[in-house]
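Shown next, in the form of structure tokens:
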């Protein structure tokens, strides 16, 4: 209660300085003037320091330098830190994940966003067991299936993948049958990040569906970690707010990198934009959270969190069981930028079995496989909704020749009867 009162008093001041991607959880409380920001990143001034915050969407413009805007000293900023930390750890904390209406489609000159984190590919020892974990354990649905090169593939997620549906834009997992008895996940992929409503039987469902709930102490009971049957880790954030609507449960994924500057440079080249550093309940110290941004500056879709290798730790490898796939408006231009950032092009052309144009890249910091996917080709892969039958055309048919003659005979007979009746009445 005290946090909400204090946040209300601070108003747009607190809101403007919330790092983007920071879960606030105040929107559902019905407080005016407070919302989850996805674009509160201070731009650099002439001397490279934060000079003013972007104004728009109701966010006040604040200044740390001389000017006409409201003054906010460094001391005042430091005094806000405890409030931000309290807000970040609030039980009903959650991240709003807007999605673009669509990426480029035929006839469009430029989309409203350069890219979108669309899905992750994970290899499984047993596809059906892995699917059971994500569906029966975590509530996803099987979205589509296909076979490529004789291997079975199933896509699971919380909703439609398409960006042409206002309920779409859901991140999916493409679960592929491994050709080996064990999958090489490596040590780099740290976890998938998911937020779902809190239920008393979530952990029991995960265990029943073949998963393992880890007993690691995370310092809070708001989220826990579990392992899938093939060994993929997922951090589950349980929202205690019963009235909160979680539209897109998959919040992102975390990758540990051997070389944070190189990895960061690569993901920037691919189009992702840093949103926050460190101040995030699901991030380790020094981590960087990246998301795509719309032309308006609003961050969209799931996040990629880069976690630096701690001093003294052994280097990690990316393994061979995981790929990250992102929709990309300009594949050729993005490949050039990625190569300049140190990436290696593994393949570029039409993907086997679906004829979608892709570019497969090796990220330079650790070696993760990142695949750029053409948006129009991706949309063509998706199951098309059933076509509605065109309404039947009902036309009023005129009477046939026989019907006209019969009707004429009926009228004549009636008139004859009426005349005979009239004549009979006169005689009486």
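Numbering (this note's numbering), first residue to last: 640 to 1067. A virtual CB, placed ideally from N, CA and C, is assigned to each residue, including glycine. These figures come from a predicted structure and were not determined experimentally.
Item                                                                                                                                                                          : Value
Please report the straight-line C-alpha distance between residue 887 and residue 782, rounded to a whole angstrom.                                                            : 15 Å
What are the partner residues of residue 848, as DSSP defines its beta bridges?                                                                                               : Paired residues: none, contrary to the question.
May I ask you to report which of helix, strand or coil DSSP gives residue 1052?                                                                                               : helix
Buried or exposed for residue 893, going by 16 or more other Cβ atoms inside 10 Å?                                                                                            : buried
Considering Cα atoms alone, identify which of 830, 823 and 865 is closest to residue 846.                                                                                     : 865
Look at the alpha carbon of residue 983 and the alpha carbon of residue 766, and state the distance between them as a whole number of angstroms.                              : 30 Å
Report the residue ranges of all beta strand (DSSP E) runs contained in full by the stretch 939-970; include only those spanning at least 3 residues, in chain order.         : 961-967
What residue range is occupied by the uninterrupted alpha helix (DSSP H) comprising residue 907?                                                                              : 899-908
Can you say whether residue 694 is buried or exposed, counting buried as having 16 or more other CB atoms within 10 angstroms of its CB?                                      : Low confidence applies here, because residue 694 scores a pLDDT of 31, under 50, leaving its location unreliable; read the following figure in that light. Under this definition residue 694 is an exposed residue.
Would you call the stretch 849-864 and the stretch 802-812 touching, i.e. three or more CB-CB distances under 8 Å?                                                            : no
Quick one: measure Cβ to Cβ for residue 1016 and residue 787, integer angstroms, because I've assumed they're closer than 8 Å.                                                : Contact flag wrong, Cβ pair sits at about 14 Å.
Whose C-beta lies closer than 7 Å to the C-beta of residue 844 among residues of the same chain, with five residues either side of it excluded?                               : 775 and 776
What does the alpha-carbon distance come out to for the pair residue 910 and residue 1018?                                                                                    : 20 Å
Bridge partners of residue 1007, per DSSP?                                                                                                                                    : Paired residue(s): none; residue 1007 is not in a bridge.
Using only CA atoms, which one of 957, 963, 950 and 952 lies nearest to residue 942?                                                                                          : 963
Quick one: what's got a C-beta closer than 8 Å to residue 995's C-beta in the same chain, skipping five residues either side?                                                 : 989, 1012, 1013, 1016, 1017, 1019 and 1020
Please report the straight-line C-alpha distance between residue 758 and residue 935, rounded to a whole angstrom.                                                            : 24 Å
Which runs of the beta strand (DSSP E) at least 3 residues long sit entirely within the stretch 789-843? Give them in chain order.                                            : 790-796, 811-816 and 828-836
DSSP on residue 1014, reduced to helix/strand/coil?                                                                                                                           : helix
For the alpha helix (DSSP H) containing residue 766, list its first residue and its last residue.                                                                             : 766-771
DSSP three-state label for residue 701, please.                                                                                                                               : Below a pLDDT of 50, predicted positions are generally treated as unreliable, and residue 701, at 26, falls in that range; the measurement from the model is reported next regardless. Three-state DSSP puts residue 701 in a strand.
Enumerate in chain order the residues of its own chain whose CB-to-CB distance from residue 870 is below 8 Å, with the five nearest sequence positions on each side excluded. : 822 and 824
Name the residue from 895, 771, 793 and 840 whose alpha carbon lies nearest to the alpha carbon of residue 1003.                                                              : 895
Look up residue 983 in the DSSP assignment and give the residues it is bridged to.                                                                                            : 1001
In this structure, does DSSP put residue 926 in helix, strand or coil?                                                                                                        : coil
Taking buried to mean at least 16 other C-beta atoms within 10 Å of its own C-beta, is residue 868 buried or exposed?                                                         : buried
Taking its Cβ as the centre, do 16 or more other Cβ atoms sit within 10 Å of residue 947, making it buried, or is it exposed?                                                 : buried
Which one or two residues does DSSP pair with residue 754 in a beta bridge?                                                                                                   : 967
Output yes or no for whether 7 Å exceeds the beta carbon distance between residue 739 and residue 933.                                                                        : yes
Quick one: what does DSSP say residue 914 is sitting in, helix, strand or coil?                                                                                               : strand
Quick one, which of 784, 945, 980 and 966 has its alpha-carbon nearest residue 801's?                                                                                         : 966
In three-state DSSP terms, what is residue 693?                                                                                                                               : Residue confidence for residue 693 is low, a pLDDT of 31 falling below 50, so the modelled location carries little weight; the figure read from the coordinates is stated next. Residue state, collapsed to three classes: coil.
According to the Cβ coordinates, are residue 761 and residue 832 closer than 7 Å?                                                                                             : no
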